[in-house]
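Enquirer: Sharing a structure below in structure tokens format, with a few things to ask.
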Amino acid sequence: CVVPLHCYFAGVNDSKQMKEEDRERLFEEITNHPDVSYCIQELSHEIIDEINILQATMEAMTKAVVGLKVQAEYVLIDGNRVPSKLSEKYTNIEAIVKGDSKVYSIACASILAKVYRDRIMYEAHKKWPVYDFAKNKGYPTFHHRSMVATHGACEIHRRTFGPVRKVLEQMEKENNASANGAKLRKGSNKGEKE
């Protein structure tokens, strides 16, 4: 998100520290400002499972910077590492730990990313209401984990994400134990008939 110095949006902060309605308001203000350039990228749950969350994050950051309508003079990254593809292209690039609470443009970008992701989760909630995505936004709350344990994972759950993976592994163990028990019972019934 490229935010020129003359642009100011009241209330910008680390998106995690803000109320949802404030993030929504700022999303509209930031994205509709003619002098702000931004690019939001998303990678599918399949790709995240395939290449891992860190590599997917690096890939999305790279695509977002490359996708900007203006050439960034200086690139600031929220986190502790710079995507290698960006460091090859930009000499003025810096990773800032907790950048969304320290740097205005990173805070603006974090608001756009959070609102965009939350909107995806609202749509997912319409398709899979049992997981309560509208409320938990996909985060592994107790209720969300228990719904995965009860109903299994839906198609957007990342199979490699720790809490989901653990639930799926447990379900597989239980299914195998149940299937083995059924085979044993079937086998003992067969033996009784002979």
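full-length UniProt numbering applies: residue 1 is where the sequence shown begins, and numbers increase by one.
Quick reminder that beta carbons are idealized off the backbone N, C-alpha and C, glycines included.
Whole angstroms are fine: how far does the CA of residue 51 sit from the CA of residue 109?
Expert: Approximately 24 Å, taken between the alpha carbons.
Enquirer: Mind checking whether residue 111 and residue 15 have CB atoms under 8 Å apart?
Expert: Contact flag set, yes.
Enquirer: Give me the residue from 23, 19 and 72 with the minimum Cα distance to residue 9.
Expert: When only C-alpha atoms are compared, the closest one is 23.
Enquirer: Pick helix, strand or coil for residue 66, following the three-state DSSP scheme.
Expert: Residue state, collapsed to three classes: helix.
Enquirer: Please report the Cβ distance between residue 167 and residue 149, rounded to the nearest whole angstrom; I am assuming they are in contact, meaning their Cβ atoms lie under 8 Å.
Expert: Contact holds; Cβ gap of about 5 Å.
Enquirer: Roughly how many angstroms lie between the CA atoms of residue 88 and residue 82, to the nearest whole one?
Expert: When rounded, the distance between both Cα atoms is 10 Å.
Enquirer: Determine the direct distance from the alpha carbon of residue 122 to that of residue 129, and round the result to whole angstroms.
Expert: Between residue 129 and residue 122, the C-alpha separation is close to 9 Å.
Enquirer: What's the C-alpha gap between residue 103 and residue 26?
Expert: Near 16 Å, if we compare the C-alpha coordinates of residue 26 and residue 103.
Enquirer: Measuring only the C-alpha atoms, how far is residue 201 from residue 95?
Expert: Nothing in the structure corresponds to residue 201, since the chain is present only between 1 and 194.
Enquirer: If you compare alpha carbons, which of 79, 56 and 169 is closest to residue 106?
Expert: It is 79.
Enquirer: Return the chain-ordered list of same chain residues with a C-beta closer than 8 Å to the C-beta of residue 60, the five sequence neighbours on each side being excluded.
Expert: Excluding sequence neighbours, residue 60 sits near 41, 42 and 43.
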